[in-house]
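Protein chains in written order, with our numbering: chain A, 1 to 317; chain B, 1001 to 1303; chain C, 2001 to 2526. Ideal Cβ placement from N, Cα and C applies to all residues, glycine included. Please read all numbers here as calculations on a predicted model, not as lab measurements.
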């Protein structure tokens, strides 16, 4: 197990380096840079010399190779650089927005799990009955409805019925729990629906699978009370893939809140991402991509390790 | 999906060659009523998109300042937008954009993914290792940066009213996901004794791949092709909503939801309702069909 | 002497009372919450260009002069108590107020004004000065005493006084600039009515009342809070829900109607013509746009009058005008306008002329790509409108909407065929407004890539004109030539619409969203 874990951790390194190279190149392929945007886009009349001076100040005049080396060597000592747009440290800019996005993601996860696991189990137990059909339609619809559209409908509904909108500024939950929830529950619901749909489908199919396993049949044959079978045996074994899906969806969510944060005007990672990408704030985008990629890879790794720990066959493959 | 879980090969699921398409469809409909319903919706959308000119009551680009923001009526069944453009016509033409981009992106992404998966599994060793690392990178890479960069770098490349570069952007995230699943499926075949036998008999790699491996990955490929069509349609809608995809005045569902439509919910809620419903319906239909196809072709396959 | 002075003060106080008595007496207190649709990258006025900068930052600073909002374009003193300009137009002398303090308590002197303008004129290493060119005529800045500043010019400049009222010319502390010329980038230290409290990146900006503001009793507000809300619908919703009381840039007519319908007489609407226009510009180095007939044909094809009427219902554009904002004293009147190519009211005739011109130029089945900015309001509707107009003369246009960075790059680098550009400076001054149209080697915002010395010469003449009549004549000549050549031509001028909750008082709309934003006179009736 230790060897497997070490191997998997080592494999993260080339992946992260690959991500770093890819984002570095992709960003610089696009025409136009942040200096033009900052100084010229609103009609500014700036001389080419002033543009060049500003580029030099941001290090954009250096060769790509040097820029890359600067960035990577900074990464190794935990220095992500400063934002080319605001001049503040990248890490501060991200930190001030991470809390919000994480909270939305966590709330969506809780909501999704709370909805998905009971529904999925019910559907499996009553496979091919109307309960199953209702759950399946609910789940497939969850995959179909774009969460940004759902968000728009929420705002519309709140404004039309109560003439009320969620608060504009974020307050941490430990300072003002009500104000915090009033703002973040809506986006959590909007993304949580899709999320619960994915998890409900997975719950349903794994529970069905587990119910066909021999030991369950044996238990049933022995006359163990049906509900006990489900609770004791089936659920425990069925939950692992469900946890997997929930974990992976969570990792996906951190990068996937982009559109929803836009709709709800949330000052989170997703909105920051769109802004910095469109501005061409290289240092910010690079840091965000590395962060999201690392997050995704670590969650994946954890999920795989969990599997390996429970299923020895994987380790020795 | 994650790499740890091997997906059993669909050894017996390749449809027989002589079987009539019609008979297959009828059997499918009989065993998978929900899937059949999805298929009906898809076919209906396809027909509407193909014959958009005939079906839609107006030219989707026709600006009519005298009919701005009209509510649904006999003249405009789904109302008009802020330019007086007929929403029904724009939704119908939007189906063309969604289906075309969705199909092309899913087809390109799934096919490339399948090829990579098969190659990775068949050659194994270092080739496999290298390919897997590249796939890992793509999987971990946030789609919005990919999409924006592709669109920005390549610009627009419009063929028959379709921006092919947008198709490329949407297809990229599909590649690694399909590659993984197909690789697992192919691996299961590669360890079969008859593959070794074929090698020993001196058959060429190409022949072994085409004769023995490809038929065994067709089922997961088809299942994923449909599943990712739904995702591609959603992704196109999201990108267009963010202003990174299709641009005005081309009718596209995501685009119809962005920009001014949000501002007219009181005066013209139909501007928000119908394009959103269209996206949901299309994705819903593809998911229903995809699920049914999976159950039909390969009940054990999970996605 | 002392008695006379006291009497004068008493009289002044009485007259002040008399004027305010006719209106409502301002109340003190309250925090003004408003929305801003973008966010400033840093805090340096001299290097900033966006209204999103002005709205939160301007209340912290003072300038030498400022525009008298209700009487725009009239100018009044801000830090300057009084000023004189010599007859030859070469010397500007400003007397500063005596009792002005920076927010850290240090007094403002002429040295601060001099240091600030020198920073604009000759930015030190690492400092960006956007509007340097507007002050190129200044040869020396003198400070004979602590409260007098003298600017010497090398030639008369018709725009100079207005330049000193620029909201961008924040006066910084000379001492701080000496320590670090880039001090204002990350710090706010001004003499304006509000002190800086907090900027939460991506979220909001807070200012509080500066008790030692030079004008006693002002500002009325205890503070202000600006919310950065990029999404238009979210912004309007916030206004509707009363989370913010106003937004100072402007709303679309649809948003105005929506808000007034929902809130009735709780809100009031202020409207004004806007000194912004979207202009069509051609890359004259690309065929067939090197041919004036083709460009003119495309101008003729646009039904500006009908378009203005229709678009004004959905977009923030409304006014038909030439190179200067309709309604501005130096702008073309309706009779003069009607003579310009493409501004006639008979659209059938104009389109026939357009087709004739295309035929004469030998251009058949014209097809081109139209580069636009992907900002929904008003770029998208105007783009859709233009493409529809050009369709009427058989021209096929592909709409390419790029996000701002790519759009800016495409226009600047000439990587486009035809595009929708904008001209939107902070005041009507022709020196600013006409730069867009002079030769590319003299104008960094001319994206048509052409050289037309006749325009350059006329521009120079109007800028140096010492009387208004001459200036107007040169401007008309400039306009006629520019639009005949049609390298770049205006489409429809913008219309500024502000919707504010009624308890917000003391704020006047001007034709520019860059002006009148120090919030010194704003108060809340609550």
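Just the chain A side, please: which residues come within less than 7 Å of residue 2133/C by C-beta, in chain order? Here residue 2133/C refers to the residue found at position 133 when the third chain is read from its first residue. Under the 7 Å cutoff, chain A gives 45.
With 8 Å as the limit, tell me which residues of the segment 1214-1237 of chain B have their beta carbon closer than that to any beta carbon of chain A; keep them in chain order. 1230, 1234, 1237
Verify whether the separation of the beta carbon atoms of residue 2171/C and residue 2116/C is less than 7 Å. Counting from 1 along the third chain, the entry for residue 2171/C is found at position 171. Counting from 1 along the third chain, the entry for residue 2116/C is found at position 116. In contact: residue 2171/C and residue 2116/C (Cβ atoms closer than 7 Å).
Do you know offhand how far residue 1291/B's Cα is from residue 1179/B's? Within the second chain, the letter at position 291 stands for residue 1291/B. Within the second chain, the letter at position 179 stands for residue 1179/B. Residue 1291/B and residue 1179/B: Cα-Cα distance of roughly 20 Å.
With 16 as the cutoff for other CB atoms within 10 Å, does residue 2432/C come out buried or exposed? Numbered from 1 along the third chain, position 432 holds the residue referred to as residue 2432/C. Buried, by the Cβ-count rule.
Contact list for residue 2399/C against chain E, beta-carbon separation under 7 Å: The question asks about chain E, but that chain is absent: this structure's protein chains are A, B and C.
If residue 2317/C sits next to residue 2382/C, beta carbons under 8 Å apart, how far is it from one beta carbon to the other, in whole angstroms? In the third chain, counting from the first residue as 1, residue 2317/C sits at position 317. In the third chain, counting from the first residue as 1, residue 2382/C sits at position 382. Rounded to the nearest angstrom, the Cβ distance from residue 2317/C to residue 2382/C is 6 Å, consistent with a contact under 8 Å.
For residue 2402/C and residue 2300/C, the rounded distance between their alpha carbons: Here residue 2300/C corresponds to residue number 300 of the third chain, with the count starting at 1. Here residue 2402/C corresponds to residue number 402 of the third chain, with the count starting at 1. Spanning the two alpha carbons is a distance of roughly 26 Å.
For the pair the segment 263-270 of chain A and the segment 57-76 of chain A, tell me if three or more CB-CB distances fall below 8 Å. In this structure the segment 263-270 of chain A does not lie against the segment 57-76 of chain A, because fewer than three pairs of beta carbons, one per stretch, are closer than 8 Å.
Nearest candidate by alpha-carbon position, reference residue 2200/C, set 2181/C, 2226/C, 2176/C, 2213/C: Numbered from its first residue, the third chain carries residue 2200/C at position 200. Taking only the C-alpha atoms, the option nearest residue 2200/C is 2226/C.
For residue 19/A, does the three-state DSSP call read helix, strand or coil? Start at 1 with the first residue of the first chain, and residue 19/A comes out as number 19. Of the three classes helix, strand and coil, the one that applies to residue 19/A here is helix, per DSSP.
Go through its chain and collect everything with a Cβ distance to residue 284/A's Cβ below 6 Å, but skip five positions before and after it. In the first chain, counting from the first residue as 1, residue 284/A sits at position 284. So the qualifying residues of the chain are 83, 90, 276.
So with Cβ pairs under 7 Å, would you call residue 1266/B a contact of chain C? Your numbering for residue 1266/B matches position 266 in the second chain. Yes, residue 1266/B lies at the interface with chain C (some Cβ there is under 7 Å from its Cβ).
Unbroken alpha helix (DSSP H) runs of length 4 or more, entirely within the segment 1134-1193 of chain B: which are they? 1143-1154, 1164-1171, 1174-1190
For residue 280/A, return the contacting residues in chain C, with the cut-off set at a CB-CB distance below 7 Å. Against the first chain, residue 280/A aligns to sequence position 280. Identification of chain C residues near residue 280/A by a Cβ-Cβ cut-off of 7 Å yields 2405, ordered along the chain.
Under 9 Å from the C-beta of residue 28/A: neighbouring residues of chain C: Residue mapping note: residue 28/A aligns to position 28 of the first chain, counting from 1. Going along chain C, no residue has its Cβ under 9 Å from residue 28/A, so there is no contact; the nearest lies around 13 Å.
Distance cutoff 7 Å, beta carbons only. Does residue 1288/B sit that close to anything in chain A? As a position in the second chain, residue 1288/B is number 288, starting the count at 1. By this cut-off, residue 1288/B is an interface position.
Just to confirm the assignment: which complete beta strand (DSSP E) runs, minimum length 3, are found wholly within the segment 2030-2113 of chain C? With a minimum length of 3 residues, the continuous beta strand (DSSP E) runs that stay inside the segment 2030-2113 of chain C are 2031-2036, 2065-2067, 2075-2077, 2080-2085, 2091-2096.
With DSSP as the reference, label residue 2389/C as helix, strand or coil. Position 389 of the third chain holds residue 2389/C. If DSSP states are grouped into helix, strand and coil, residue 2389/C belongs with the helices.
What are the residues that DSSP puts in a beta bridge with residue 2418/C? Taking the first residue of the third chain as position 1, residue 2418/C is located at position 418. Bridge partners of residue 2418/C: 2282/C, 2370/C.
What first and last residue would you give for the beta strand (DSSP E) that runs through residue 2194/C? Taking the first residue of the third chain as 1, we reach residue 2194/C at position 194. Start and end: 2194-2200.
Suppose contacts are defined by Cβ-Cβ distances below 7 Å. Is residue 297/A in contact with residue 1140/B by that definition? For the purposes of this step, residue 297/A is taken as the residue at position 297 of the first chain. For the purposes of this step, residue 1140/B is taken as the residue at position 140 of the second chain. Closer than 7 Å, so yes.
Helix, strand or coil: how does DSSP classify residue 246/A here? Mapped onto the first chain, residue 246/A falls at position 246. Here residue 246/A sits in helix by DSSP.
Are the segment 99-109 of chain A and the segment 186-194 of chain A touching by the rule of at least three beta carbon pairs closer than 8 Å? yes
Take every Cβ of the segment 1258-1273 of chain B, pair it with every Cβ of the segment 155-172 of chain A, and state whether three or more of those distances are shorter than 8 Å. yes
Let me see if you follow: with CB-CB separation under 7 Å, is residue 1082/B close to chain C or not? Here residue 1082/B refers to the residue found at position 82 when the second chain is read from its first residue. The Cβ of residue 1082/B sits closer than 7 Å to at least one Cβ of chain C.
Are the Cβ atoms of residue 1066/B and residue 1089/B separated by less than 7 Å? For the purposes of this step, residue 1066/B is identified with residue 66 of the second chain, where counting begins at 1. For the purposes of this step, residue 1089/B is identified with residue 89 of the second chain, where counting begins at 1. No, the Cβ-Cβ distance between residue 1066/B and residue 1089/B is not below 7 Å.
Can you check whether the CB of residue 2456/C is closer than 7 Å to the CB of residue 2439/C? Stepping through the third chain from its first residue, residue 2439/C is reached at position 439. Stepping through the third chain from its first residue, residue 2456/C is reached at position 456. Cβ atoms of residue 2439/C and residue 2456/C: closer than 7 Å.
With DSSP collapsed to three states, give me the class of residue 2505/C. On the third chain, position 505 is the one that residue 2505/C refers to. Residue state, collapsed to three classes: strand.
Alpha-carbon spacing of residue 2148/C relative to residue 2252/C, whole angstroms: One-based indexing of the third chain puts residue 2148/C at position 148. One-based indexing of the third chain puts residue 2252/C at position 252. Spanning the two alpha carbons is a distance of roughly 45 Å.
Run of the alpha helix (DSSP H) containing residue 2145/C, from where it starts to where it stops: Within the third chain, numbered from 1, the residue matching residue 2145/C stands at position 145. Unbroken run through residue 2145/C is the beta strand (DSSP E), 2138-2145; no alpha helix (DSSP H).
Other residues of its chain near residue 247/A: CB distance less than 6 Å, five sequence neighbours each side excluded: For the purposes of this step, residue 247/A is taken as residue 247 along the first chain, with counting starting at 1. The residues are 299, 303.
So which of 1297/B, 1173/B, 1287/B, 1293/B has the shortest CA-CA distance to residue 136/A? Position 136 of the first chain, counted from the start, is the residue given in the question as residue 136/A. Nearest of 1297/B, 1173/B, 1287/B, 1293/B to residue 136/A, Cα basis: 1287/B.
If the cut-off is 8 Å on Cβ atoms, which residues from the segment 2201-2220 of chain C count as contacting chain A, listed in chain order? 2201, 2202, 2203, 2204
Please work out which residues of its chain come closer than 6 Å, Cβ to Cβ, to residue 1225/B, disregarding the five sequence neighbours upstream and downstream, and give them in chain order. By 1-based counting over the second chain, the position of residue 1225/B is 225. So the list reads 1106, 1110, once near-sequence residues are dropped.
Bridge partners - residue 2495/C, DSSP secondary structure assignment: Taking the first residue of the third chain as position 1, residue 2495/C is located at position 495. Answer by DSSP bridge pairing, in chain order: 2273/C.
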